[in-house]
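In our numbering, the protein residues as written are 74 to 410. Using N, Cα and C, we set each Cβ at its ideal position, and we do this for glycine too.
What follows is the structure, encoded as structure tokens:
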């Protein structure tokens with residue numbers, strides 16, 4: 074950590090609960106300049122620190138200008154990775170502290186932590202390792218940083234949105250042999266198993282165990298069970314739509330958005346109209362529940378043809394983001410050079 078600040082003006086220590094107010098101030102300062110639509114609140118930041126699989130002392134770092142947070146980085150380890158161990162890195166520098174080399178040093182720190190995590194885990198070390206960085210498409214600063222650090226753009230994402238509450242989409246029948254129900258906690262484990270089956274052929278899939286599922290999905294503050302839908306085949310979840318709402322975005326924009334966080338269909342039920350039935354039911358309900366819009370994020374290279382499907386349902390591109398990747402063996406060479 075000693076080399077993260079070349080100016081000698083910043084102190085360095087891991088993030089903790091007491092850092093949340095300053096961390097939130099940093100996010101807000103960055104959003105005012107970058108306009109990425111990335112709104113968070115204190116609860117969401119606490120959720121990150123409360124992740125039982127995050128080693129807060131080793132996998133978070135903050136650079137402090139007195140009581141102000143000038144920059145931070147967090148590394149998320151891909152427990153449950155099946156083909157490539159893709160570590161998700163998050164790093165942000167306050168606009169007033171940019172162009173001083175801090176961003177590059179944070180990325181190098183993330184690379185070092187990812188390599189340590191990768192080599193120290195017998196399951197993950199059996200897989201190729203990568204470090205991922207993500208941000209708004211067209212962000213010149215991010216592009217310059219990733220090029221300097223040897224990253225390559227590997228995936229593009231569309232944030233899509235549409236208004237709700239006007240002309241509602243026609244109801245779609247549930248596939249034969251299934252019934253559509255509102256999410257019930259009694260089916261939580263069945264929904265987790267359905268998710269792991271539905272997404273195992275998608276890029277960057279990691280199998281979610283019960284801890285991850287409850288931390289990041291149905292136990293997250295943003296999860297909205299009343300807006301979430303399941304297609305049941307007996308006691309098995311054949312398909313599911315899990316809805317989310319960001320209270321931080323609502324506070325920032327003054328408009329409630331119902332976000333489709335997860336929409337998946339088990340392989341055995343694909344091609345039978347499961348996703349259209351779930352999505353149509355959500356859109357019909359969202360306006361009556363007080364939402365102004367519905368949104369989702371789609372991988373533009375999704376093998377299921379999801380992009381075209383969502384466009385047919387009336388969703389239009391609202392924002393774009395990009396994921397950059399670098400192999401950890403390349404990162405090791407860079408750290409040695």
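Leaving out the 5 sequence neighbours to the left and right, which residues in its chain are closer than 7 Å to residue i when beta-carbon positions are compared?
i, result
"residue 286", "265"
"residue 270", "339, 340"
"residue 278", "155, 272"
"residue 168", "102, 103, 106"
"residue 118", "93, 96, 97"
"residue 110", "392"
Please return the same chain residues whose Cβ sits closer than 8 Å to the Cβ of residue i, not counting the five positions on each side in sequence.
i, result
"residue 268", "281, 286, 290, 313, 335, 337"
"residue 171", "214"
"residue 241", "356, 357, 360"
"residue 393", "209, 210, 211, 229, 230, 231, 232"
"residue 129", "87, 88, 89, 122"
Judging by CA-CA distance, which residue of the options is the nearest neighbour of residue i?
i, options, result
"residue 256", "315, 123, 91", "315"
"residue 346", "213, 109, 304", "304"
"residue 441", "392, 238, 381, 84", "This structure cannot speak to residue 441, because the chain is shown only from 74 to 410."
"residue 193", "294, 158, 92", "158"
"residue 121", "89, 212, 319", "89"
"residue 84", "300, 295, 276, 136", "136"
"residue 320", "295, 130, 307, 140", "295"
Could you give the DSSP three-state label for residue i: helix, strand or coil?
i, result
"residue 16", "Past the edges of the chain, shown from 74 to 410, lies residue 16, and the structure says nothing about it."
"residue 302", "strand"
"residue 394", "strand"
"residue 149", "strand"
"residue 81", "coil"
"residue 122", "helix"
"residue 208", "strand"
In the DSSP assignment, what are the bridge partners of residue i?
i, result
"residue 328", "Answer is none; residue 328 lacks a bridge partner."
"residue 388", "None; residue 388 has no bridge partner."
"residue 372", "230"
"residue 236", "366"
"residue 203", "159, 400"
"residue 86", "135"
"residue 252", "305"
"residue 27", "Since the first residue of the chain shown is 74 and the last is 410, residue 27 is not available in this structure."
"residue 165", "145"
"residue 296", "317"
"residue 154", "279"
Quick one: what's got a C-beta closer than 6 Å to residue i's C-beta in the same chain, skipping five residues either side?
i, result
"residue 400", "203"
"residue 397", "206, 219, 224, 226"
"residue 100", "113"
"residue 166", "144, 175, 176"
"residue 368", "234, 330, 332"
"residue 349", "245"
Would you say residue i reaches chain D, if we count a Cβ-Cβ gap shorter than 8 Å as a contact?
i, result
"residue 312", "Absence of chain D from the displayed structure is noted, only one protein chain being present."
Count the C-beta pairs between the region 273-293 and the region 237-248 that are closer than 8 Å, then say yes if the count reaches three, no if not.
no
Given 8 Å as the limit, is there contact between the region 158-165 and the region 112-119, that is, 3 or more CB pairs closer than that? no
- prompt: Is it true that the region 386-395 meets the region 180-192, where meeting means three or more beta-carbon pairs spaced less than 8 Å apart?
  reply: no
Report yes or no: do the region 171-183 and the region 141-148 share at least 3 C-beta pairs separated by less than 8 Å? yes
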